[in-house]
Amino acid sequence: MDTIIIWDVDPELLRVGGFAIRWYGLLYATAFLAGTTIMSRIFALENKPAKSIDRLLIYMLVAVVVGARLGEILFYNLEYYLQNPFKIFRVWEGGLSSHGGFVGIFTALYFYSKKTPDQPYLWILDRICIVVAFAGILIRIGNFINSEIIGIPTNGAWGVVFKNVDNIPRHPAQLYESLMYLGVFLLLLAIYKLVDTTKKQGLLIGVFLTVGFSLRFLNEFVKENPGFAKNEAILNTGQLLSIPVILIGLFLLWKGWNHDKPK
């Protein structure tokens with residue numbers, strides 16, 4: 013069956029000498045700029061000092077890049093990076109684990125909240141998850157452009173041939189996940205507008221972790237198994253890592269919904 017897309021796009025947007033601007037890096041930077049705008053609007057609505065945004069951005073930038081890169085190395089491609097140690101620092105080429113990124117974010121925001129008394133830990137997590145959901149939309153598009161995180165073969169008319177990989181029609185798993193993040197982003201925005209989340213701290217991050225990673229768990233069934241998870245395994249690495257995240261999300265969802273006063 014004919015496929016809708018033959019994907020043969022150069023991951024590099026522009027190259028000048030030895031310097032290249034890649035689509036993935038551009039989308040990642042756009043995600044941070046858009047996230048800063050979203051958080052600035054939230055801070056203005058809730059009368060939080062705008063000067064905190066710059067410090068929060070630094071915490072988030074370090075947390076996401078370091079956490080996501082370490083997650084990719086430790087969970088998915090340890091052998092490759094041990095053989096190619098200089099590749100560890102080439103984050104603009106892709107290769108960032110969302111699970112590692114979330115560990116980095118949770119850790120960094122804990123220390124941020126300790127130094128920012130007017131922004132408790134669950135309060136800042138509830139708001140930053142809106143930004144993270146939006147960023148996920150763009151980052152998965154970047155993965156698609158890079159022809160990475162590819163799907164398993166399909167005979168469906170929606171199959172995509174990634175010419176940089178092989179000539180087999182595959183599920184565009186990156187785009188599926190991008191649409192999932194779009195749905196989660198809109199859901200979080202609706203809850204933020206309709207529910208007094210200052211009294212139900214933990215609700216938004218609980219929804220994000222529960223819904224987002226449940227969808228991620230399902231999407232893994234149409235992805236090629238990465239890293240040390242073998243193709244014959246019932247669950248792959250991404251699914252195994254998603255299970256504890258979903259459980260944490262359910263706990264935070266229960267806590268946020270049933271506790272009207274911040275602790």
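If you want the numbering used here, it's the position in the sequence shown, counting the first as 1, plus 12.
Ideal Cβ placement from N, Cα and C applies to all residues, glycine included.
- If you compare the alpha carbons of Ala62, Ala43, Leu252 with that of serine 52, the shortest gap goes to Ala62.
- Bridge partners of lysine 235 according to DSSP: Gly163.
- One Cα belongs to arginine 81, the other to tryptophan 269, and the distance between them is close to 33 Å.
- Lysine 126 is classed as exposed because its beta carbon has fewer than 16 other beta carbons within 10 Å across all chains shown.
- With distances taken between CA atoms, glycine 168 lies nearest to Val234 out of Val234, Lys212, Tyr92.
- Counting only residues of its own chain and dropping the five nearest sequence neighbours on each side, leucine 227 has a CB closer than 6 Å to the CB of Met192.
- Considering only His111, Ala120, Arg139, the residue with the shortest C-alpha distance to leucine 215 is Arg139.
- Here DSSP, grouped into helix, strand and coil, assigns proline 61 to coil.
- Collapsing the DSSP output to three states places proline 184 in coil.
- Threonine 222 is positioned such that its CB atom lies no closer than 8 Å to that of leucine 194.
- When only Cα atoms are considered, aspartate 66 and phenylalanine 55 end up about 12 Å apart.
- In this structure, DSSP gives alanine 32 an extended state, which the three-state scheme calls strand.
- Counting along the chain, tryptophan 266 sits inside the alpha helix (DSSP H) bounded by residues 249-270.
- Taken atom to atom, the span from the alpha-carbon of valine 144 to that of glycine 47 is near 8 Å.
- With 16 or more neighbouring CB atoms inside 10 Å of its own CB, phenylalanine 220 falls in the buried class.
- Of all alpha-carbon atoms in Gly112, Met72, Gly218, Phe114, the one lying nearest the alpha-carbon of leucine 134 is that of Gly218.
- In this structure, DSSP gives valine 78 a helical state, which the three-state scheme calls helix.
- Around the C-beta of arginine 27, fewer than 16 other C-beta atoms lie within 10 Å, and the residue is accordingly described as exposed.
- Taking a contact as a CB-CB distance under 8 Å, the pair tryptophan 19 and serine 159 counts as one, their CB atoms being some 6 Å apart.
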